[in-house]
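**Q** This is the structure I have questions about; it appears just below.
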């Protein structure tokens, strides 16, 4: 703001001062409330429709009948949601045996899985949620109506699942109410903060799987790979939570505190048929990709060598023989390394949570409230041992004493034995001796403090002023990784008095250097391992401060209302100031290996308002007709102009049995601090280079096509494939990003027919379009579009290694940094319903159902360059499967005495087709028969509860009851969040999972 009082900041500051200085009168402070979550059904008196697990209608409030619905800040009686609102209650979490809340959300048909416990390679250790498949950065996470953490550092591990009363999921735009980031919706975790007594909860679970995938086992047998054990039991999870609370004298307040401990054991990919080897096409001559085979990495344990200079520079790649002799032979696929078994299919994780909530009525018109929350989460991702990876240029001196004469002649020719040197790529992955798998040690320590005052200053007029401070500390140590600079020094060895000695020791540039013998299998000494292994450490700090205040009024108390309505006009007026910052640091070795330190910050001042106008009530054909509108103006420190978001909503209930609703939201999402300032760096991405080839096989793309991407005629036919289908992409932030804009339309119908008691049914249409969306062009799409169309934009993103033409390593990559791109659009229909049928002395039976029919999921990578629709597809361009239809249906029986329940859940994921096989130009790539389609999947889960005695409830359950395997997918066809030859999160990957738990309240 530079000290200048712009209109928005000045008026917002005046509002904040007025809110904080206002006098108080006798009234009860408004409380957070929402959909009924604690109803205990009986056969004769089931819970109302809105109390169901899947709900979208009325919500319960306080003793003064004021309520708050997620998606609006208005507080008043009889308020209903005008946007699609799904509710997951505590009972559903217990039936699933979920100790990670993201697993609960990933089952909802409106959610596409994001970061989760089953992603290892490339994981940052967090858990996130992706509403409507528009990206986890386009939905906002709240705890009790307030932002959880800095949006770029959101981590659902922070949520203590045992304290969740319910989860409200608003699957429509909500930026006018909550600010930026709520384009696809809001997830609001309502936590239990009013406990009186002690509540303990303990749960233990494990995965039990029978490896009987005959196809997967056959390709492993053909490759002479070790088979997974037939029966496995692993992935144990222990979750313990205790909470205790007490009311103040005269019930003027409450303090609730909690502590939680969770421990998850890892699962190796070696222990599942679907993941114990890397699935590749059966052969390079198999043009249609009609079968799979166990592939692997050309960075192999015996040692690959690809001369870039010298007499063999154009003769292909060579490999040490498997017998341990110092002999080179032409490389072929038999040398490939199975990198899959040591990778984690479920990461180990240890989490501690603690916190407290407090509220106290100072006077009848002033209630002070606050909370403190803490989490420490420690997890590891594990992948195959490190290597001297291809793509980094190594130098070998021709008088190296480890070189045999045969190897020296191939590498150096007549210069063998001299002090001359040659450059080459090396793919040597030591797996014997002191070699260890790479481990990424990830630790997040989060702090969140909030506090404020609220109350009623006059009849129907309330205020709320609060402050929120959150900090996320991120520490990462990458262990057992080979430092290529040290390795390069260690392979430059000379003979000193009969002793192989590093040249760096001779010239004293590195006295600690230890000679590295890579010219035979298993030739590396323990001392050399200790020298070339060099852990790197990075750390980050994300901070957020939110100061907000609002005043709300029910003007019906003063006669301000429509002449045709009984309820009065309601409004909210408020101010919010938000400050966010990021700081990222790295140690010297990480910087040397390409990591960039960065920092950045911004602030925003906002004013917001919301109006509720009942137009007609309790008239023929107009049981209720009401209008809602909202506005938010935002003044960002890093933007040149004020941006506006707004919404309008209309609801018409001709009778109590039927309600029609519709809404329009216009949202502006400003780039978050990570999108602006995160460091640019290279990383592995799933992709294949059509201009690369193995010896004796021609590239799949022509010379003319490859020249578009920067390949020279001399390089064509001599470019090495990306090892393990892992090419290199350069990602990172962009401080010149502009806000993205979104328009959301929803229209729906809610049925609660009086002639069918205990039935609630809703059907909602949604349509969301995001323009100028902040993202990056997927590497696989850049490759396919440049090769297929020659579009200069896509081809300009190639940065091939000038020497070899490869697109991996330290010199070859595809640019995939953050930028304002084209547009995203999704539309579809949500259907949800609940019904309870009393069965007399047999108890009651109920069904909860939620399904989504996806109509469009369109991406326009850049304006004017065409678009593609991913509905019904999966693959390199579209990523995770986007089926036309998904649903979840739970059938529950409760006994008449209220002692026990049995519940069966049916999860359905529709079939999808591979993008590569489509005729759509944007999907163009190598076709594949073996993975042409993923069939529809149905999973069944069984759970039950028993009330042991008053206050003590035992539960047990089995998820994936039939132990169904996930689809086996070629590793090169996977995209984001693909892992272990499949898509974890979308499909169950660990097999049948069993849990038992006990909750006791005193």
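In our numbering, the protein residues as written are 976 to 1977.
Glycine included, C-beta positions come from ideal geometry on N, C-alpha and C.
Here the structure is a predicted model, which means the values were calculated and not measured.
Considering only the alpha carbon of each residue, which of 1200, 1075 and 1594 lies closest to residue 1137?
**A** The candidate whose alpha carbon is nearest that of residue 1137 is 1075.
**Q** Does the stretch 1147 to 1161 come close enough to the stretch 1952 to 1964 that 3 or more CB-CB pairs lie under 8 angstroms?
**A** Cβ pair count under 8 angstroms is below three, so no.
**Q** To test your reading of the DSSP string, which unbroken alpha helix (DSSP H) runs of 4 or more residues are found completely within the stretch 1674 to 1745?
**A** You should have 1678 to 1683.
**Q** Does DSSP put residue 1134 in a helix, a strand or coil?
**A** If DSSP states are grouped into helix, strand and coil, residue 1134 belongs with coil.
**Q** Write down every uninterrupted run of the beta strand (DSSP E) in the stretch 1140 to 1209 whose length is 3 residues or greater and which is fully enclosed by it, in chain order.
**A** DSSP runs (the beta strand (DSSP E)) wholly in the stretch 1140 to 1209: 1160 to 1166 and 1172 to 1185.
**Q** Between the alpha carbons of residue 937 and residue 1389, how many angstroms are there, rounded?
**A** Coverage of the chain is limited to positions 976 through 1977, which leaves residue 937 absent and any answer about it impossible.
**Q** Quick one: residues in its chain with C-beta nearer than 7 angstroms to the C-beta of residue 1450, no 5 flanking neighbours on either side, listed in chain order?
**A** Closer than 7 angstroms at the Cβ level, and outside the excluded window around residue 1450, lie 1418 and 1514.
**Q** Are there 16 or more other CB atoms within 10 angstroms of the CB of residue 1471, so buried, or fewer, so exposed?
**A** Its Cβ having fewer than 16 others within 10 Å, residue 1471 is exposed.
**Q** How long is the line joining the alpha carbons of residue 1184 and residue 1214, rounded to whole angstroms?
**A** Each residue's Cα considered, the two are about 21 angstroms apart.
**Q** Excluding the five sequence neighbours on either side, which residues of its own chain have a C-beta within less than 8 angstroms of the C-beta of residue 1908, listed in chain order?
**A** For residue 1908, where only same-chain residues beyond five positions count, the Cβ hits under 8 angstroms are 1886, 1887, 1888 and 1889.
**Q** The beta strand (DSSP E) that contains residue 1764, what's its start and end?
**A** Unbroken run through residue 1764 is the alpha helix (DSSP H), 1754 to 1764; no beta strand (DSSP E).
**Q** 8 angstroms is my cut-off, CB to CB: does residue 1464 come that close to chain C?
**A** No chain C is part of this structure, which consists of one protein chain only.
**Q** Please list the segments of the alpha helix (DSSP H) lying wholly inside the stretch 1276 to 1334, counting only runs of 4 or more residues, in order along the chain.
**A** As far as the stretch 1276 to 1334 is concerned, it has no whole alpha helix (DSSP H) run of at least 4 residues.
**Q** Fully enclosed by the stretch 1570 to 1641, which beta strand (DSSP E) runs are 3 residues long or longer?
**A** Runs found: 1573 to 1594, 1597 to 1611 and 1618 to 1630.
**Q** Do the stretch 1724 to 1737 and the stretch 1774 to 1786 touch if we need at least three Cβ pairs shorter than 8 angstroms?
**A** Contact between the stretch 1724 to 1737 and the stretch 1774 to 1786 is absent, because fewer than three Cβ pairs lie under 8 angstroms.
**Q** So who's on the other strand from residue 1123, going by DSSP bridges?
**A** In DSSP, residue 1123 forms no bridge with anything.
**Q** If I measure Cβ to Cβ from residue 1350 and keep anything under 6 angstroms in the same chain, skipping five residues before and after, which residues do I get?
**A** Cβ neighbours of residue 1350 beyond the five flanking positions: 1133, 1328 and 1421.
**Q** Which two residues bound the contiguous beta strand (DSSP E) that contains residue 1377?
**A** Per DSSP, residue 1377 belongs to no beta strand (DSSP E) and is neither H nor E.
**Q** Is it true that the CB of residue 1264 sits closer than 8 angstroms to the CB of residue 1905?
**A** A contact, by the Cβ cut-off of 8 angstroms.
**Q** With a threshold of 8 angstroms, are at least 3 pairs of Cβ atoms found where one atom belongs to the stretch 1738 to 1747 and the other to the stretch 1701 to 1720?
**A** At 8 angstroms Cβ cutoff, the stretches touch.
**Q** Mark residue 1710 as exposed unless 16 or more other C-beta atoms lie within 10 angstroms of its C-beta, in which case mark it buried.
**A** Looking at its Cβ environment, which holds fewer than 16 other Cβ atoms inside 10 Å, residue 1710 is exposed.
**Q** Please list the segments of the beta strand (DSSP E) lying wholly inside the stretch 1436 to 1461, counting only runs of 3 or more residues, in order along the chain.
**A** DSSP runs (the beta strand (DSSP E)) wholly in the stretch 1436 to 1461: 1436 to 1454.
**Q** Taking all protein chains shown into account, do 16 or more other C-beta atoms lie within 10 angstroms of the C-beta of residue 1152, making it buried, or fewer, making it exposed?
**A** Under this definition residue 1152 is a buried residue.
**Q** Any chance the stretch 1455 to 1468 sits against the stretch 1514 to 1534, with 3 or more Cβ pairs inside 8 angstroms?
**A** No: the two stretches stay apart, fewer than three of their Cβ pairs being nearer than 8 angstroms.
**Q** I'd like to know whether the C-beta atoms of residue 1301 and residue 1098 end up nearer to each other than 8 angstroms.
**A** Cβ atoms of residue 1301 and residue 1098: not closer than 8 angstroms.
**Q** Is residue 964 helix, strand or coil by DSSP?
**A** Because residue 964 is not part of the residues shown, which for the chain are 976 to 1977, the question remains open.
**Q** Have a look at 1770, 1250 and 1638 and flag the residue whose alpha-carbon is nearest the alpha-carbon of residue 1093.
**A** Nearest C-alpha to residue 1093: 1250.
**Q** Please list, in chain order, all residues of the same chain as residue 981 whose beta carbon is under 7 angstroms from its beta carbon, the five residues on each side excluded.
**A** Reliability of the predicted coordinates at residue 981 is poor, the pLDDT of 42 falling under 50, and no value is obtained from them.
**Q** Anyone know if the C-beta pair for residue 1176 and residue 1932 falls short of 8 angstroms?
**A** In this structure, residue 1932 does not lie closer than 8 angstroms to residue 1176 by Cβ.
**Q** Report the three-state DSSP secondary structure of residue 1922 (helix, strand or coil).
**A** In this structure, residue 1922 counts as strand in the three-state DSSP scheme.
**Q** If you follow the alpha helix (DSSP H) that residue 2028 is in, where does it begin and where does it stop?
**A** This structure gives no information on residue 2028, because the portion of the chain shown stretches from 976 to 1977.
**Q** Return the residue from the list 1063, 1665 and 1131 that minimises the CA-CA distance to residue 1088.
**A** Ranking the options by Cα distance to residue 1088, first place goes to 1131.
**Q** Tell me whether residue 1507 sits in a helix, a strand or coil according to DSSP, three-state version.
**A** Helix at residue 1507.
**Q** For residue 1770, I'd like the list of residues in its chain whose CB is within less than 6 angstroms of its CB, leaving aside the five on either flank, ordered along the chain.
**A** So the qualifying residues of the chain are 1683, 1684 and 1761.
**Q** Under 8 angstroms, with one C-beta from each stretch per pair, do the stretch 1553 to 1572 and the stretch 1643 to 1660 reach the 3-pair mark?
**A** The stretch 1553 to 1572 is in contact with the stretch 1643 to 1660.
**Q** So, helix, strand or coil for residue 1887, using DSSP?
**A** Strand, per DSSP.
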